[in-house]
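Colleague: Sequential numbering of the sequence shown, starting at 31, is according to our numbering.
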Amino acid sequence: GVSGLPRVAHLVRYRAPEVDSIGDKPVAALMRWTDAVRQILKEAGLVRVKEGVEEMDARMLLIVLGKIVEIDSMWQVIVPVYPYWAIGSGQRYAIAAMQAMQRVGVPSDPRERLQTAMEVAATFDPAVRPPFEVLEGVP
Numbered sequence: 031g032v033s034g035l036p037r038v039a040h041l042v043r044y045r046a047p048e049v050d051s052i053g054d055k056p057v058a059a060l061m062r063w064t065d066a067v068r069q070i071l072k073e074a075g076l077v078r079v080k081e082g083v084e085e086m087d088a089r090m091l092l093i094v095l096g097k098i099v100e101i102d103s104m105w106q107v108i109v110p111v112y113p114y115w116a117i118g119s120g121q122r123y124a125i126a127a128m129q130a131m132q133r134v135g136v137p138s139d140p141r142e143r144l145q146t147a148m149e150v151a152a153t154f155d156p157a158v159r160p161p162f163e164v165l166e167g168v169p
């Protein structure tokens, strides 16, 4: 997933290579993927340099070999310690909702938990609005 500029989401979805198709070592594959996406976004004029650091107006959430990985706006790779994560302006609300649901064990369906977490985030953050699109990949 991508939060931030819609153009970044479009380019990542339709021009970025598959993470699994660019290598067999997870860290190396992720680094090559990040470099490829950075180049795509540079060519589109969506990467800026601020105080010598390349930045983008977006954050990305990926699943790499069954692990959640976040690429932040300064291209740092973050691997959360929780089995769930969120990005964007409603991040705190969504993570809190997922934590609460995990503690009480309902709903048990991960897709339903995700939908509920996004609805909670939309309740409290005016920048989060349905419809929500959930993309599923092969774990």
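Beta carbons: idealized from backbone N, C-alpha and C, even for Gly.
On the CB-based measure, 16 or more other CB atoms within 10 Å of its CB, does Glu123 come out buried or exposed?
Modeller: First, the amino acid is wrong: residue 123 is Tyr here, not Glu. Tyr123 comes out buried.
Colleague: Kindly provide the ranges of any beta strand (DSSP E) runs that are 3 or more residues long and lie completely inside the segment 85 to 113, ordered along the chain.
Modeller: Segments of the beta strand (DSSP E) lying fully in the segment 85 to 113: 88 to 94 and 97 to 101.
Colleague: Assuming the contact rule is C-beta atoms closer than 8 Å, Trp63 and Ala74 should be a hit. Round their C-beta distance to whole Å, please.
Modeller: That pair is no contact at about 17 Å.
Colleague: Determine contact between the segment 108 to 124 and the segment 152 to 161, defined as no fewer than three beta-carbon pairs at a distance below 8 Å.
Modeller: As far as the Cβ criterion goes, the segment 108 to 124 touches the segment 152 to 161, which means the pair count is three or higher.
Colleague: Assuming Glu84 and Arg68 form a contact by the criterion Cβ under 8 Å, report the distance between their Cβ atoms to the nearest whole angstrom.
Modeller: Indeed, because the Cβ distance is near 7 Å, the residues count as touching under 8 Å.
Colleague: For Thr146, collect the residues of the same chain with a Cβ closer than 8 Å to its Cβ; drop the 5 residues on either side in sequence, then sort them by chain order.
Modeller: The answer, listed in chain order, is Ala127, Met131 and Pro137.
Colleague: Excluding the 5 residues flanking Leu92 on each side, which residues of the same chain have their C-beta closer than 6 Å to its C-beta?
Modeller: Cβ within range, chain order: Val99.
Colleague: Tell me which residues share the same chain as Met104 and place their Cβ nearer than 7 Å to its Cβ, disregarding the 5 neighbours each side in the sequence.
Modeller: Once the five neighbours on either side are set aside, the close Cβ partners of Met104 are Val83 and Glu85.
Colleague: Between which two residues does the alpha helix (DSSP H) harbouring Lys72 extend?
Modeller: Per DSSP, Lys72 belongs to the alpha helix (DSSP H) from Pro56 to Glu73.
Colleague: Take the Cβ of Arg89 as the centre, count every other Cβ of all protein chains shown within 10 Å, and call the residue buried at 16 or more, exposed below.
Modeller: It is buried - the Cβ of Arg89 has at least 16 other Cβ atoms within 10 Å.
Colleague: What's the gap between the Cα of Glu163 and the Cα of Ile108?
Modeller: Going from the Cα of Glu163 to the Cα of Ile108 covers about 23 Å.
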